[in-house]
Structures are given as C-alpha cells and as structure tokens.
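Residue numbers (UniProt numbering): 1 to 277.
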C-alpha cells in the first residue's frame with residue numbers, strides 16, 4: 001500500500017486499528033510493509049493507540065482490547081483498503097444498470113466506487129443515504145460549460161438522517177424517506193458477510209436503514225470484496241437468502257465461492273470467473 005505513506009497520522013492509525021481488530025493482532029514489521037512507513041512511525045502510532053485504550057502493545061506488535069464487532073472505521077480509512085478490488089467490483093456492478101433505471105446505493109466505499117462508474121449511464125434516478133455518493137453525482141452534474149448540468153444527468157434523492165463515521169445517513173428520518181420509495185435495484189455495501197450471521201454492520205441504526213433499503217428494492221446486489229467474507233459485526237440486518245446477486249473480487253477462495261453459491265442465486269467474481277448474475 002505505497003499510497004499510505006502520505007496518509008495523515010489519524011488516517012494511518014485508523015488503518016492500523018482496523019488491521020489489529022480484523023486479524024486479532026498485528027506485528028510491527030507487517031504494518032511497516034503494509035503502510036510503507038518506518039518502524040519508528042508504526043511504533044509511535046501504536047503508542048498513541050495504546051494511550052487511547054483501543055489496543056494493547058505486546059512484544060513485536062499489538063493486540064485488540066475492544067470488541068471488533070462494534071468497530072466502525074471512518075470513510076477515509078476504509079477507502080485505503082482493497083482499492084483495486086473495489087474498482088473491479090464497481091465495473092462489474094455498474095454493467096448491471098440499464099439507462100432510465102431507478103436504483104439505490106447504500107453508504108460505503110465500494111458503493112462510492114460504483115457511483116463513479118454510473119456517471120455515463122443516462123437518465124438514472126438514484127436514491128442514496130450516502131453523502132459521498134450524492135457528491136459524486138452532484139459534482140458531475142456541474143461539470144459542463146459554465147457549470148451547467150450535463151444532458152441525461154441523474155436525478156439524486158439524498159435521504160436525511162444522522163451521519164455515521166462512514167458518511168452514511170441513518171435513523172428514523174432516513175428510514176421514513178426510504179420506506180416510501182421503490183427502486184429497481186439496490187447496490188448494498190456491507191461490513192461483514194457470513195453464512196451464520198448473513199449481512200452485518202457495527203452500527204445499529206445503519207442496520208435498520210439497510211433493512212428498509214432491502215424492503216424497497218426489487219433486486220438486491222451486495223458489493224463486497226473478499227476481506228468481508230467471514231466477518232461478523234454487531235448487528236445482522238439480512239440473511240444471505242435475501243440477496244439476489246453478490247459481486248466480489250478474484251481474491252475470494254474457491255471454497256468461499258462454492259459456499260456463497262449455495263445461498264446466493266447470482267455470484268459475480270469481478271476480474272475473474274463469473275457466476276450467474
């Protein structure tokens with residue numbers, strides 16, 4: 001991850017904390033390679049995180065002291081994770097969208113990548129609870145001469161709500177807005193995917209908002225890179241059987257592909273072999 005050498009200290013520490021919690025611990029030499037920073041920088045970051053009480057330093061590295069199921073990284077920290085996989089997934093997901101469709105995009109960095117790939121699809125109506133996703137379309141609409149909206153630009157419906165660390169709007173206001181709408185397809189980002197827990201998120205309010213999105217969609221497409229498989233966050237909001245298509249990347253193992261295929265009718269492996277969509 002050579003781009004991480006320019007990250008702000010706060011962003012870098014968020015990435016370190018996510019790595020420690022996701023893997024149950026991390027060694028200093030692993031973190032220096034992953035972040036492309038010096039041994040001394042990593043040790044200073046670990047000292048800072050230890051003072052915050054979120055990790056415990058051990059010989060050669062660190063282990064978590066809090067429950068990873070409740071940890072929700074910020075948008076910038078998540079953006080730096082698996083960027084190549086997210087781009088492959090976004091291309092495959094965007095290819096599913098027909099001109100003139102009514103679609104929904106949940107919060108998340110993978111759905112943000114999908115939004116960037118949808119700018120050339122004409123006459124879309126986009127419902128989203130993601131501030132970042134709405135900004136993608138808003139910026140593109142003013143990209144013409146004199147800042148005029150482009151022909152065929154999307155109509156964007158941004159729900160209200162309370163903002164999460166990942167820049168999603170959740171809570172009763174968002175839920176009420178979504179509940180009155182209907183869309184052809186939902187592109188849904190997740191924190192974790194597993195057979196036992198289904199789809200899950202560390203944010204309780206976001207779990208309920210995601211349930212509303214699913215209920216309003218004719219077709220549910222989950223976009224999740226290979227690192228999400230087997231992760232379980234605090235709150236489950238859907239069973240795998242409620243998903244119509246799962247778009248992942250070629251980093252997912254053959255065993256996991258076979259397991260997914262038992263529960264999800266359509267499995268698309270972006271950048272690799274594709275199942276039925």
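Beta carbons are placed, not taken as given, at the ideal position from N, Cα and C, and that holds for glycine.
Small disclaimer: the values here were computed from a predicted structure and weren't measured.
- About 17 Å separates the Cβ atoms of residue 102 and residue 136, ruling out a contact at the 8 Å cut-off.
- Annotation for residue 179: the continuous alpha helix (DSSP H) segment containing it runs 172–179.
- Taking a contact to require three or more Cβ pairs closer than 8 Å, the region 235–244 and the region 77–91 do not qualify as touching.
- Along the length of the region 14–98, whole beta strand (DSSP E) runs at least 3 residues long occupy 55–58 and 61–64, reported in chain order.
- Taking a cut-off of 8 Å for Cβ pairs, the region 225–238 and the region 200–208 touch, as three or more such pairs fall below it.
- In the structure shown, residue 133 falls within a helical segment according to DSSP collapsed to helix, strand and coil.
- With a cutoff of 9 Å on beta-carbon distance, residue 186 and residue 216 are scored as near each other.
- Per DSSP, reduced to three states, the secondary structure at residue 102 is strand.
- Sixteen is the threshold: when 16 or more other Cβ atoms of the shown chains lie within 10 Å of the Cβ of residue 158, as they do, the residue is buried.
- Between the region 84–91 and the region 27–42 there are fewer than three inter-stretch CB-CB distances shorter than 8 Å, so the stretches are not counted as touching.
- Nearest neighbour of residue 270 by Cα position, chosen from 44, 95 and 131, turns out to be 95.
- For the options 16, 121 and 113, the alpha carbon positioned closest to that of residue 225 is the one of 113.
- Taken in chain order, the whole beta strand (DSSP E) runs of length 3 or more contained in the region 162–245 are 183–189, 192–194, 198–201, 217–223 and 235–238.
- Annotation for residue 270: the continuous beta strand (DSSP E) segment containing it runs 266–270.
- Secondary structure at residue 109: helix, using DSSP grouped into helix, strand and coil.
- Here residue 139 carries a helix assignment [DSSP, helix/strand/coil].
- DSSP places residue 157 in the strand class (E or B) of the three-state scheme.
- Rounded to whole angstroms, the separation of the alpha carbons of residue 240 and residue 263 is 6 Å.
- Annotation: residue 57 to residue 191 spans about 26 Å, alpha carbon to alpha carbon.
- Within its own chain, the residues whose Cβ lies closer than 7 Å to the Cβ of residue 76, once the five positions on either side in sequence are excluded, are 11, listed in chain order.
- Here residue 249 is bridged, per DSSP, to 270.
- It is roughly 27 Å from the alpha-carbon of residue 29 to the alpha-carbon of residue 109.
- Around residue 20, the same chain offers 26, 55, 62 and 64 as residues with beta carbons nearer than 6 Å, after the five sequence neighbours per side are excluded.
- For the pair residue 105 and residue 125, the Cα-to-Cα distance works out to about 11 Å.
- Relative to residue 266, the option among 221, 250, 134 and 254 whose CA is nearest is 221.
- For residue 256, the uninterrupted alpha helix (DSSP H) segment begins and ends at 254–263.
- As DSSP reads the structure, residue 114 sits in no beta bridge.
- For the options 170, 213, 91 and 127, the alpha carbon positioned closest to that of residue 249 is the one of 91.
- The Cβ-Cβ distance between residue 174 and residue 132 does not fall below 9 Å.
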